[in-house]
Amino acid sequence: MKAILEYWLVLAQGLWVTIWTSVCIIVGAALSAVVLGALRLSDTPALRVASMLVIEAIRAPSALILLFWVFYALPLLPGMPRLSPLAAAILVLALDGGVYGAEIVRAGIEAVHRGQTDACRALGLSKLQSFTKIVLPQALSQIVPAFGSLARSMIKWTAIASFIGVHDVLYVANFVRGQTYETVTVFCLLAAFYWILNVLCGFAFRALEQVLPLNRALRVARVSVRVASKADASVGAAG
Amino acid sequence: MLSAVEFSRSGPFVPAAAAAPMEADGSANRSQQAMWSIEFEKVSKSFGAHRVLVDLDLHVRPGEKVTLIGPSGSGKTTVLRLAMTLEKPTGGDIRVFGESIVFDAAGKPISGSQEARIRRRCGMVFQQFNLFPHLTVLQNLILAPTTVLRQSREQAEKSAFEYLRIVGLENKVHAYPAQLSGGQQQRIAIARALILRPEILLLDEITSALDPELAGEVLDVVRGLAQESKVTLLIVTHEMRFARDVSDRIVVFDAGRIIEQGSPEKIFTNPESERTRAFLRSILNH
C-alpha cells in the first residue's frame, strides 16, 4: 500500500494526463473521422481516392510505429517541426482513431436511406446543407454507438504514449513500481484506472446516444404510442 | 380535411410564376413566355445495359394535369426523377419552362447552381414520403423556406401553419413523422413540397405505400389541388379512378415508351392500343 499512500499525487497526475490525452484523441478522431468519412463518399473521384490513400497509409502500420516515426523521424526531415511527446501522441492517436472512425462514419452515412437525399435535392438544399442538416444527424444514430466502442479502445491506446516519454498513468505507474517494488498493487491499480475510464466512457457515449436527434424523435414516438395504447386499454376496460 | 374551395381562397398554391413581376424591359418573364412547362425531347435513360426510357417525347403545358400510367418498370418514375434532376438522361434534352436542365447555352452539362435554380421551380412528393424523421412536422416544413429561400423563421412558420391547415394537420405541428399515420405523413410531404410554391409538382405513386382508407385522405388533398390551383401536375399512379378525376391527359407507358396518350375519357373508355386495354383490364380487375 506504500505505492498508493506515498505516490497518490503522482499517480493522480499521470491519470490526469491519460484522461486529458484520451479526451483530445477522441475529439480529434471524431472530427477527422467525419471529414475523412464524408470525403470517402465525395462525388469527386480525386477526393475519394485521396481520402482512401490517407486512410490506408495511416491504418496499415501499427500506431506505435507511427508514433515513433512522428516523434523520432519526422523532425529529421527538412522543415518539419519537433513535436513534444504529448503533441506527437495526440496527433498520431487521433489520426489513427480517425481513419478507423472514417469507416464507421462512411457506413453510417450509407445507412441513411437514399430517399432522404432525394428529398433534400427536391427541396433545393445544397449538398453541404443536406449533409449537415439531414444526413449527418440521422447517420449519428448509427455512428455514435460504434464510435463509442472505438473510443473505449482509444483510451487503452494512450498507454503507448509512455513509450516516447509522455507522463501518463502507465509511465508513472512504472516509476512507482520501480520505487516501491509493489508490482502487483501498482498494476492492479493501473487496471482499475483503465477499467473505470472505460466504464465512464461507455456511460458518456450512452448518454450521448440519448440526445441524438433521430433517437430522441423515435423515443418520443415510442412513448406516445405507449400512452395511446394505455389510453385505449383504459377506455376498453371502462366500456 | 379542407375542401377544394379552401385551396383557392388561401391562394398559396398560386405558383410563383403567376405572380411574378415583369422583367426590367417590360417583357413577361421566361415562365410566362414558355409554351411548355416541361419538355422531354428524344430522352433516353439507361441503367447499365438496362434501357428504362427510349427516345421519349413528352410535352406538358403550364397548369396541365398529366398522369402517367403503365405497368411497373415501364419508366414512369424515371420520367419524374429526370424532371426533378434526380437522374441525368443518357440522351436527349429536358426543358423546364424553356430552360434546359441538361445542357447550358454552350451545350455543356449545366452547373450545379444552374440545376439548383431550375430545380427550385419544381416540387416532388415521393412514394415513401421521405419526411426527415429526426425533425418535427414544423421543422420539416420550414427547413427549405429558411435555408433555400432565406425566409425568416417567423415568415416560414406562418406559411407552414397555413399549409398544415390546408392539409388538415395543424394539430400535428410538433409531432415527429414516426408519430403519424402513413396518410398523415404523405399529407405533410405534400405540404412540404407546396410550401416552396413550385410551378410544377411531381407526384410519384403517392398512395402506393398506404392502405385504401389512408390513400383516400391523401387523394382528397391532391384532388383539391388539381381543381383549384394553376400548378402543373405530373402524376404517376395506379389509382385509375383518381387519374380519371384529376387529369387533363393520361399518358400510357410500356417498356420505356409512350404507347398512347389522350383525354381520360378516351383512354379509359376507348383506348386504341391493345397493350393499353390489357393493362387497364389487369388493373381494373385487380
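Protein sequences appear in the order of chains A and B. So in this note's numbering, spot 58 of the first sequence is number 58, and the numbers just go up one at a time. To convert a position in the second sequence, counted from 1, into this note's numbering, add 1000. Glycine included, each C-beta is placed from N, C-alpha and C at the ideal position.
Would the beta-carbon of A:Val-27 be found less than 7 Å away from any heavy atom of the ligand NAD? The model depicted lacks the ligand NAD and carries no ligand whatsoever.
I'd like the ranges of any alpha helix (DSSP H) spanning at least 4 consecutive residues and lying wholly in the stretch 1136-1192 of chain B. 1137-1147, 1153-1166
Beta-carbon of B:Leu-1196 versus every beta-carbon of chain A: anything under 8 Å? Taking the second sequence and counting its residues from 1, one reaches residue 1196 of chain B at position 196. Chain A contact via Cβ: present.
Is it buried or exposed, A:Ala-204, if we count other Cβ atoms within 10 angstroms and call 16 or more buried? For this step, residue 204 of chain A is matched to residue 204 along the first sequence. A:Ala-204 is exposed by the Cβ-count criterion.
If I follow the unbroken alpha helix (DSSP H) through B:Phe-1268, where does it start and stop? Taking the second sequence and counting its residues from 1, the one referred to as residue 1268 of chain B is at position 268. Counting along the chain, the alpha helix (DSSP H) containing B:Phe-1268 begins and ends at 1264-1269.
For A:Lys-2, the first and last residue of its enclosing alpha helix (DSSP H): As a working note, residue 2 of chain A is residue 2 in the first sequence. Note, A:Lys-2: alpha helix (DSSP H), 2-40.
Using the Cα positions of A:Leu-303 and A:Leu-66, report the straight-line distance between them to the nearest angstrom. Missing from the structure shown is residue 303 of chain A; chain A here goes from 1 to 239 and no further.
Assigned exposure category for A:Trp-157 - 16 Cβ within 10 Å defines buried: In the first sequence, the residue the question calls residue 157 of chain A occupies position 157. Classification of A:Trp-157: buried, given that the 10 Å Cβ count is 16 or more.
Going by Cα to Cα distance, which pick from A:Ser-51, A:Phe-71, A:Leu-93, A:Ala-221 is closest to A:Met-265? Nothing can be reported for residue 265 of chain A: it is not among the residues displayed for chain A, which extend from 1 to 239.
Given that A:Leu-125 touches chain B, what residues does it touch there, using C-beta distances under 8 Å? Mapped onto the first sequence, residue 125 of chain A falls at position 125. Leu-1143, Ala-1144, Thr-1147, Val-1148, listed in chain order.
Just verifying my parser: in three-state terms, what is the DSSP assignment at B:Glu-1115? On the second sequence, position 115 is the one that residue 1115 of chain B refers to. In this structure, B:Glu-1115 counts as helix in the three-state DSSP scheme.
DSSP bridge partner residues for B:Ser-1046 (one or two, in chain order): Sequence index remark: in the second sequence, residue 1046 of chain B carries index 46 (1-based). Its beta-bridge partners are B:Arg-1051.
Helix, strand or coil for B:Thr-1232? Go by DSSP, reduced to three states. Counting from one through the second sequence, the residue named residue 1232 of chain B turns up at place 232. In the structure shown, B:Thr-1232 sits in a strand (DSSP, three-state: E or B).
With a cut-off of 8 Å, does the C-beta of B:Leu-1086 fall near any C-beta of chain A? The residue labelled residue 1086 of chain B in the question sits at position 86 within the second sequence. Output row for B:Leu-1086: interface = yes.
Measuring only between beta-carbons, confirm whether B:His-1134 sits less than 8 Å from chain A. Locating residue 1134 of chain B in the second sequence gives position 134, where the first residue counts as 1. Taking Cβ atoms only, chain A reaches closer than 8 Å to B:His-1134, which makes this a yes.
If you draw a straight line from the C-alpha of A:Phe-71 to the C-alpha of A:Gly-108, how long is it? By 1-based counting over the first sequence, the position of residue 71 of chain A is 71. By 1-based counting over the first sequence, the position of residue 108 of chain A is 108. If I take the Cα positions, the gap works out to 33 Å.
DSSP beta-bridge partners for B:Ile-1069? As a working note, residue 1069 of chain B is residue 69 in the second sequence. Answer by DSSP bridge pairing, in chain order: B:Val-1252.
With burial defined as no fewer than 16 other Cβ atoms inside 10 Å of the residue's Cβ, what is the status of A:Thr-132: buried or exposed? Looking up residue 132 of chain A in the first sequence gives position 132. The residue in question, A:Thr-132, is exposed, as its Cβ has fewer than 16 Cβ neighbours within 10 Å.
When you compare only the Cα positions, how much space is there between A:Tyr-181 and A:Leu-11? As a working mapping, residue 181 of chain A is identified with position 181 in the first sequence. As a working mapping, residue 11 of chain A is identified with position 11 in the first sequence. Between A:Tyr-181 and A:Leu-11, the C-alpha separation is close to 15 Å.
Excluding the 5 residues preceding and the 5 following A:Val-99 in the sequence, name in chain order all residues of the same chain whose CB lies nearer than 6 Å to its CB. Along the first sequence, one-based indexing puts residue 99 of chain A at 99. The answer, listed in chain order, is Ile-55, Ile-58, Arg-59.
What residues match up with A:Cys-201 in a beta bridge as DSSP calls it? By 1-based counting over the first sequence, the position of residue 201 of chain A is 201. Beta-bridge pairing links A:Cys-201 to no other residue.
Check whether the Cβ of A:Pro-45 lies closer than 8 Å to any Cβ atom in chain B. Your numbering for residue 45 of chain A matches position 45 in the first sequence. Chain B contact via Cβ: absent.
Quick one: is B:Gln-1155 near chain A, going by C-beta distance under 8 Å? To locate residue 1155 of chain B, count along the second sequence from 1; it is residue 155. No - not a single Cβ of chain A is within 8 Å of the one on B:Gln-1155.
Could you check the C-alpha separation between A:Ala-119 and B:Ile-1110 for me, to the nearest Å? As a first step, residue 119 of chain A is located in the first sequence; it is residue number 119 there, counting from the start. As a first step, residue 1110 of chain B is located in the second sequence; it is residue number 110 there, counting from the start. Spanning the two alpha carbons is a distance of roughly 21 Å.
DSSP-derived helix/strand/coil call for A:Ile-58: The count along the first sequence starts at 1 and reaches residue 58 of chain A at position 58. If DSSP states are grouped into helix, strand and coil, A:Ile-58 belongs with the helices.
B:Met-1124 touches chain A at which residues, Cβ-Cβ below 7 Å? On the second sequence, residue 1124 of chain B is found 124 positions in, with the first residue counted as 1. The answer, in chain order, is Ala-122.
B:Met-1084: buried (16+ other C-beta within 10 angstroms of its C-beta) or exposed? On the second sequence, residue 1084 of chain B is found 84 positions in, with the first residue counted as 1. The residue is buried, with at least 16 neighbouring Cβ atoms inside 10 Å.
Three-state class that DSSP yields for A:Val-290 in the structure shown: Residue 290 of chain A cannot be examined here, being either before or after the span of chain A that is shown, 1 to 239.
State buried or exposed for A:Trp-8, treating a residue as buried only when at least 16 other CB atoms are found within 10 Å of its CB. Taking the first sequence and counting its residues from 1, one reaches residue 8 of chain A at position 8. A:Trp-8 is exposed by the Cβ-count criterion.
Specify the secondary structure class of B:Leu-1201 as computed by DSSP and reduced to three states. To locate residue 1201 of chain B, count along the second sequence from 1; it is residue 201. Here B:Leu-1201 sits in strand by DSSP.
Close beta carbons around B:Ser-1027, own chain, < 6 Å, minus the five adjacent residues each side: In the second sequence, the residue the question calls residue 1027 of chain B occupies position 27. Residue placement at B:Ser-1027 cannot be trusted, given a pLDDT of 37 that sits under 50; the coordinates are not used to answer.
Out of A:Ser-51, A:Ile-164, A:Ile-104, A:Ala-87, which has the shortest C-alpha to C-alpha gap to A:Leu-150? Within the first sequence, residue 150 of chain A is the residue found at index 150, counting from 1. Ranking the options by Cα distance to A:Leu-150, first place goes to A:Ile-104.
Which word fits B:Ser-1152, buried or exposed, when buried means at least 16 other C-beta atoms lie within 10 angstroms of its C-beta? Mapped onto the second sequence, residue 1152 of chain B falls at position 152. The residue in question, B:Ser-1152, is exposed, as its Cβ has fewer than 16 Cβ neighbours within 10 Å.
Taking CB distances under 8 Å as the criterion, tell me whether B:Arg-1187 reaches chain A. As a first step, residue 1187 of chain B is located in the second sequence; it is residue number 187 there, counting from the start. Judged by the 8 Å Cβ criterion, B:Arg-1187 is not in contact with chain A.
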